[in-house]
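Q: Taken in sequence, the protein lines are chains A and B.
For the first sequence, our numbering assigns the number 3 to the initial residue and increments by one for each residue that follows.
For the second sequence, our numbering assigns the number 3 to the initial residue and increments by one for each residue that follows.
Protein chains: 2
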Amino acid sequence: MERKTFDTAPCSIARSLDVLGDWWNPLIIRECLYGVHRFDEFQKWLDIGRNILTRRLKQLVDEGLLEKRPYQDNPPRFEYHLTDKGYDAAGVLLALMAYGEKWHFENGNEPIRIFDRTSGARVMPALVDARSMRAIDARQLYAGPGPAFPADKSVRRSRFVEYFARQGDGKRPAKTTE
Amino acid sequence: MERKTFDTAPCSIARSLDVLGDWWNPLIIRECLYGVHRFDEFQKWLDIGRNILTRRLKQLVDEGLLEKRPYQDNPPRFEYHLTDKGYDAAGVLLALMAYGEKWHFENGNEPIRIFDRTSGARVMPALVDARSMRAIDARQLYAGPGPAFPADKSVRRSRFVEYFARQGDGKRPAKTTE
Numbered sequence: 003m004e005r006k007t008f009d010t011a012p013c014s015i016a017r018s019l020d021v022l023g024d025w026w027n028p029l030i031i032r033e034c035l036y037g038v039h040r041f042d043e044f045q046k047w048l049d050i051g052r053n054i055l056t057r058r059l060k061q062l063v064d065e066g067l068l069e070k071r072p073y074q075d076n077p078p079r080f081e082y083h084l085t086d087k088g089y090d091a092a093g094v095l096l097a098l099m100a101y102g103e104k105w106h107f108e109n110g111n112e113p114i115r116i117f118d119r120t121s122g123a124r125v126m127p128a129l130v131d132a133r134s135m136r137a138i139d140a141r142q143l144y145a146g147p148g149p150a151f152p153a154d155k156s157v158r159r160s161r162f163v164e165y166f167a168r169q170g171d172g173k174r175p176a177k178t179t180e
Numbered sequence: 003m004e005r006k007t008f009d010t011a012p013c014s015i016a017r018s019l020d021v022l023g024d025w026w027n028p029l030i031i032r033e034c035l036y037g038v039h040r041f042d043e044f045q046k047w048l049d050i051g052r053n054i055l056t057r058r059l060k061q062l063v064d065e066g067l068l069e070k071r072p073y074q075d076n077p078p079r080f081e082y083h084l085t086d087k088g089y090d091a092a093g094v095l096l097a098l099m100a101y102g103e104k105w106h107f108e109n110g111n112e113p114i115r116i117f118d119r120t121s122g123a124r125v126m127p128a129l130v131d132a133r134s135m136r137a138i139d140a141r142q143l144y145a146g147p148g149p150a151f152p153a154d155k156s157v158r159r160s161r162f163v164e165y166f167a168r169q170g171d172g173k174r175p176a177k178t179t180e
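#1: Would you decide whether M135 (chain A) is buried or exposed? Buried here means 16 or more other CB atoms lie within 10 Å of its CB.
#2: Tell me the DSSP secondary structure of R158 (chain B) in three-state form.
#3: Give, in chain order, every unbroken run of the alpha helix (DSSP H) that is at least 4 residues long and sits entirely within the stretch 28-68 of chain B.
#4: Using the Cα positions of A150 (chain A) and N111 (chain B), report the straight-line distance between them to the nearest angstrom.
#5: Looking at chain B, which residues of the stretch 59-74 of chain A have a Cβ within less than 7 Å of any of its Cβ atoms?
#6: Which term fits E197 (chain B), buried or exposed, when burial requires 16 or more other beta carbons within 10 angstroms of its beta carbon?
#7: Round the Cβ separation of L67 (chain A) and L48 (chain A) to the nearest angstrom and send it over; I've been treating them as touching at under 8 Å.
#8: Below 6 Å CB to CB, which residues in the same chain sit around W26 (chain A) once its five sequence neighbours on both sides are set aside?
#9: In the DSSP assignment, find the unbroken alpha helix (DSSP H) run with R17 (chain A) in it and report its ends.
#10: Helix, strand or coil, according to DSSP, for D118 (chain B) in the structure here?
#11: Just mark R115 (chain A) as buried or exposed, buried being the case when its beta carbon has 16 or more other beta carbons within 10 Å.
#12: Beta-carbon separation of L143 (chain B) and P28 (chain A) under 9 Å?
#13: With a threshold of 9 Å between beta carbons, is K155 (chain A) in contact with chain B?
#14: I138 (chain A) versus chain B: which residues are under 8 Å apart at the beta carbon?
#15: At a CB-CB cut-off below 7 Å, which residues of chain A make contact with D24 (chain B)?
#16: Thinking C-alpha only, which one of A:N53, A:M126, A:R52 is nearest L96 (chain A)?
#17: If you draw a straight line from the alpha carbon of Q45 (chain A) to that of R119 (chain B), how long is it in whole angstroms?
#18: Does DSSP put R79 (chain A) in a helix, in a strand, or in coil?
#19: Tell me, please, whether the CB atom of N76 (chain B) is closer than 9 Å to any CB atom in chain A?
#20: For G146 (chain A), does the three-state DSSP call read helix, strand or coil?
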């Protein structure tokens with residue numbers, strides 16, 4: 003088993019991966035975005051085993067990304083719909099889509115395109131810095147500990163000073179501003 | 003085994019997940035961004051088994067996200083560095099980070115912060131539409147088949163007309179524009 007949980011990791015990426023970081027959960031969210039909400043339909047479109055699908059839907063409900071809505075009383079049957087948290091997770095899918103289009107499909111030859119529901123205009127997801135609105139180039143980034151960075155003995159800050167100091171040319175930016 | 007390959011799926015998300023969609027590969031890319039490049043250091047920071055790490059590094063090299071650079075001749079030893087494709091994958095990690103910060107850490111209490119290397123200004127990743135530069139709200143999106151959408155008998159377009167028609171209120175945008 004390679005599976006491991008990151009539900010207490012001091013890292014936003016690791017925490018998100020705990021729910022989103024394998025194949026099925028993001029694809030179930032994709033199906034919801036495409037309008038698929040019922041068990042048999044998830045199974046049909048994803049070609050996924052019933053036991054795996056049952057487990058994943060339960061996890062996504064437990065984690066607050068999906069909510070169950072009854073659509074039939076006898077026998078009771080439920081649809082699965084995205085919550086606010088689930089729609090936010092769709093942002094990760096759009097980043098995956100942008101990366102996949104660039105590297106796995108020829109330019110302009112995408113299998114799926116997305117549009118704005120109201121205007122009908124094509125939407126092209128891009129990652130920018132919310133303040134400067136400029137495209138983010140990962141080569142230009144520098145990471146450092148934030149307020150929730152662990153200060154306990156098991157993960158000593160002193161080790162991480164060395165860790166973060168390694169980035170790029172090893173020089174910190176002259177002066178970081180919040 | 004729940005693992006399944008999506009390397010021919012007509013979906014940018016599924017194709018990307020084939021390499022990025024479990025825990026270790028994105029975390030190895032994270033480590034590279036943080037300046038970790040050598041086998042023993044990946045192992046130390048990720049607390050990952052040597053056999054799993056060996057396999058994952060090989061996959062990331064084979065898929066073109068990492069490149070090997072010799073740093074010692076006798077015995078031969080290599081460092082692993084991000085390629086252009088690997089840096090682009092970092093965009094997915096930034097989307098994961100933004101989602102994780104919102105939903106797994108209290109506002110402003112992030113464990114890691116990122117800065118621009120040159121200016122030192124804090125960087126806050128956000129997903130926008132590259133044309134309008136407005137924030138993307140997944141509720142407002144509509145998906146439809148693109149040029150590379152499969153038209154063969156095994157995945158019939160007619161089925162997908164129904165599939166895409168289910169989104170939201172079932173109405174397509176009045177007129178989509180490319």
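All C-beta atoms, glycine included, are put in the ideal place defined by N, C-alpha and C.
A: Once the coordinates are examined:
#1: Stepping through the first sequence from its first residue, residue 135 (chain A) is reached at position 133. By the 10 Å Cβ count, M135 (chain A) comes out exposed.
#2: Stepping through the second sequence from its first residue, residue 158 (chain B) is reached at position 156. Note on R158 (chain B): pLDDT 46, under 50, position unreliable in the model; the coordinate value appears next. R158 (chain B): coil per DSSP, three-state reduction.
#3: 41-48, 52-64
#4: Indexing the first sequence from 1 puts residue 150 (chain A) at position 148. Indexing the second sequence from 1 puts residue 111 (chain B) at position 109. So the alpha carbons of these two residues sit roughly 5 Å apart.
#5: Listed by position along the chain: nothing, the set is empty.
#6: An answer regarding residue 197 (chain B) cannot be provided, because it is not within the stretch 3 to 180 covered by chain B.
#7: Stepping through the first sequence from its first residue, residue 67 (chain A) is reached at position 65. Stepping through the first sequence from its first residue, residue 48 (chain A) is reached at position 46. Rounded, the Cβ-Cβ distance is 16 Å, inconsistent with contact.
#8: Sequence index remark: in the first sequence, residue 26 (chain A) carries index 24 (1-based). Excluding sequence neighbours, W26 (chain A) sits near R58.
#9: Position 15 of the first sequence, counting from 1, holds the residue named residue 17 (chain A). Here the alpha helix (DSSP H) through R17 (chain A) covers 14-22.
#10: Numbered from its first residue, the second sequence carries residue 118 (chain B) at position 116. Note: D118 (chain B) maps to strand in three-state DSSP.
#11: Counted from its first residue, the first sequence places residue 115 (chain A) at position 113. Label assigned to R115 (chain A): buried.
#12: Within the second sequence, residue 143 (chain B) is the residue found at index 141, counting from 1. Within the first sequence, residue 28 (chain A) is the residue found at index 26, counting from 1. No, they are not a contact pair.
#13: Position 153 of the first sequence, counted from the first residue, corresponds to residue 155 (chain A). Reliability fails at K155 (chain A), whose pLDDT of 46 lies under 50, so the model's placement of it is uncertain and no value is given.
#14: Counted from its first residue, the first sequence places residue 138 (chain A) at position 136. In chain order: G93, L96, V125, P127.
#15: On the second sequence, residue 24 (chain B) is found 22 positions in, with the first residue counted as 1. Simply G23, D24.
#16: Translated into the one-based positions of the first sequence, residue 96 (chain A) becomes position 94. Checking every option, the nearest Cα to that of L96 (chain A) belongs to A:M126.
#17: Residue numbering aside, residue 45 (chain A) sits at position 43 when the first sequence is read from its first letter. Residue numbering aside, residue 119 (chain B) sits at position 117 when the second sequence is read from its first letter. So the alpha carbons of these two residues sit roughly 46 Å apart.
#18: As a first step, residue 79 (chain A) must be located in the first sequence, where it is residue number 77. Looking at R79 (chain A) - three-state DSSP - the assignment turns out to be strand.
#19: Residue mapping note: residue 76 (chain B) aligns to position 74 of the second sequence, counting from 1. No, because no Cβ of chain A sits closer than 9 Å to the Cβ of N76 (chain B).
#20: Reading the first sequence from its first residue, position 144 is the one you call residue 146 (chain A). Residue state, collapsed to three classes: strand.
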